[in-house]
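Numbering (the working numbering), first residue to last: 10 to 94.
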Amino acid sequence: MTTSAYKMLQVDTNKALFTIFTGLCKGCGLCMQKCPVKTLEWSDALGVYGTPAVQPRNAEECTGCGMCSIVCPDCAIVIERKKKA
């Protein structure tokens, strides 16, 4: 996991590059509810309203389906699937 000055958390797994812009997250939890493998949890990082942002609990469990990024109303999650070799 890496972070930057842009309040961003990036996780590179074997299936996808998972980016959470914690500065955009308002902590609604929709991504956590819709994740089919329940790989997201609350983090210590604070989002835009001072509420907890999300982070991957075990990033390797992420299937890269992108459901979290689809349901996020603030575009705080970006999933870039990797091509199979």
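Think of the CB as a built atom: it goes at the ideal place given N, C-alpha and C, for glycine as much as any other residue.
Within its own chain, the residues whose Cβ lies closer than 7 Å to the Cβ of Pro65, once the five positions on either side in sequence are excluded, are Val20, Phe27, Thr48, Leu49 and Cys71, listed in chain order. For Leu39, the enclosing alpha helix (DSSP H) covers residues Leu39 to Lys43.
Cys81 sits buried, since 16 or more C-beta atoms from the chains shown fall within 10 Å of its C-beta.
For Val80, the enclosing alpha helix (DSSP H) starts and ends at Met76 to Val80. The continuous stretches of beta strand (DSSP E) do not include Ala85, and DSSP gives it neither H nor E. Just so you know, the alpha carbons of Gly38 and Gly73 end up roughly 18 Å apart.
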